[in-house]
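Everything on this sheet refers to the single structure shown next.
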Amino acid sequence: EAEVAQSPRYKITEKSQAVAFWCDPISGHATLYWYRQILGQGPELLVQFQDESVVDDSQLPKDRFSAERLKGVDSTLKIQPAELGDSAMYLCASSLVSSQETQYFGPGTRLLVL
Amino acid sequence: KQEVTQIPAALSVPEGENLVLNCSFTDSAIYNLQWFRQDPGKGLTSLLLIQSSQREQTSGRLNASLDKSSGRSTLYIAASQPGDSATYLCAVRSGNTGKLIFGQGTTLQVKP
Chain A
14 EAEVAQSPRY
24 KITEKSQAVA
34 FWCDPISGHA
44 TLYWYRQILG
54 QGPELLVQFQ
64 DESVVDDSQL
74 PKDRFSAERL
84 KGVDSTLKIQ
94 PAELGDSAMY
104 LCASSLVSSQ
114 ETQYFGPGTR
124 LLVL
Chain B
152 KQEVTQIPAA
162 LSVPEGENLV
172 LNCSFTDSAI
182 YNLQWFRQDP
192 GKGLTSLLLI
202 QSSQREQTSG
212 RLNASLDKSS
222 GRSTLYIAAS
232 QPGDSATYLC
242 AVRSGNTGKL
252 IFGQGTTLQV
262 KP
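Going line by line, the protein sequences match chains A and B. Residue 73 in the numbering used here sits at position 60 of the first sequence; the count goes up by one each step and never skips. Residue 257 in the numbering used here sits at position 106 of the second sequence; the count goes up by one each step and never skips.
Set out below in structure tokens:
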């Protein structure tokens, strides 16, 4: 069964450093999402791509976060500089073209900022 | 602004019991509602997706219902097993962009 791939699975960094997360969606899925989940809470959307275009980045802290999906396939989420409050699980999800479809989630990247 | 609430936050039941998890949302204008399972430190696994035109969906021992007018959904788990222990999250899609609004989840423990 096809799955969403993410790497790394775990990342420990010091504040003010740069970190990057990678996501490879299920083949053929045009829509890709990045969510952030703080411990004990539900995920919150950071950015949504339709192919290579950003559809929604209203909750992305643009002063330090950036995301790209250059060829409309895999995606990278970057944080620079990292802050203590960025410690969370970063989840990537994908769905087929229509926004009515089920979203499939990857295993996530757990970030700890010291 | 859509808000999603799940009650209770935690639930502990003996093995074999039937149980119901609750999800409520403030804006009834939704496209669909999705239930997920999350094991500790892991990603989300989709359990059931209910479109706004549907009343319920079933998969094995799971049954999810949707009442848009009252802003409520329930996830019914029959004959619970220790392997069902996890956090269950509901999420609604309100806009046409695909963005999901999640509740905080119900952490279920099924004791042998």
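Just so you know, even glycine gets a beta-carbon here, dropped at the ideal spot from N, CA and C. These numbers were taken from a predicted model, which means no experiment stands behind them.
Against chain A: residues of the region 246 to 258 of chain B by CB proximity under 9 Å: Gly246, Asn247, Thr248, Gly249, Lys250, Leu251, Ile252, Phe253, Gly254, Gln255 and Gly256
Is there a Cβ from chain B that is less than 9 Å from the Cβ of Gly53 of chain A? For the purposes of this step, residue 53 of chain A is taken as residue 40 along the first sequence, with counting starting at 1. It does: the Cβ of Gly53 of chain A has a partner Cβ on chain B nearer than 9 Å.
So which residues of chain B does Leu97 of chain A contact, with C-beta pairs closer than 9 Å? Position 84 of the first sequence holds residue 97 of chain A. Those within 9 Å of Leu97 of chain A in chain B number zero; the least Cβ separation is about 20 Å.
Quick check: the region 155 to 163 of chain B against the region 200 to 218 of chain B, are there 3 or more CB pairs under 8 Å? The region 155 to 163 of chain B vs the region 200 to 218 of chain B: no contact.
Show which residues of chain A have a CB atom less than 9 Å away from the CB atom of Ser197 of chain B. Position 46 of the second sequence holds residue 197 of chain B. One finds Thr115, Gln116, Tyr117 and Phe118 in chain A with Cβ atoms closer than 9 Å to the Cβ of Ser197 of chain B, taken in chain order.
Can you list the beta strand (DSSP E) stretches of 3 or more residues lying completely in the region 167 to 204 of chain B, in chain order? Those beta strand (DSSP E) runs which fall completely within the region 167 to 204 of chain B and span 3+ residues are 170 to 176, 183 to 189 and 195 to 202.
Selected residue, minimal CA-CA separation from Val110 of chain A, among A:Gln54, A:Ile92 and A:Gln61: Counting from one through the first sequence, the residue named residue 110 of chain A turns up at place 97. Checked all of A:Gln54, A:Ile92 and A:Gln61; the closest Cα to Val110 of chain A is A:Gln61.
So is Gln61 of chain A in contact with chain B if we call contact Cβ pairs under 9 Å? The sequence position of residue 61 of chain A within the first sequence is 48, counting from 1. Yes, because at least one Cβ of chain B sits closer than 9 Å to the Cβ of Gln61 of chain A.
Any idea if Gly194 of chain B is buried or exposed, counting beta-carbon neighbours within 10 angstroms, 16 or more meaning buried? Taking the first residue of the second sequence as position 1, residue 194 of chain B is located at position 43. Its Cβ being crowded by 16 or more others within 10 Å, Gly194 of chain B is buried.
Assuming Thr177 of chain B contacts Gly222 of chain B (C-beta within less than 8 Å), just tell me the rounded distance between them. Here the question's residue 177 of chain B lines up with position 26 in the second sequence. Here the question's residue 222 of chain B lines up with position 71 in the second sequence. The pair is a contact, with the Cβ atoms about 6 Å apart (cut-off 8 Å).
Residue span of the beta strand (DSSP E) that contains Leu97 of chain A, given as start and end: The sequence position of residue 97 of chain A within the first sequence is 84, counting from 1. No beta strand (DSSP E) holds Leu97 of chain A; DSSP gives it neither H nor E.
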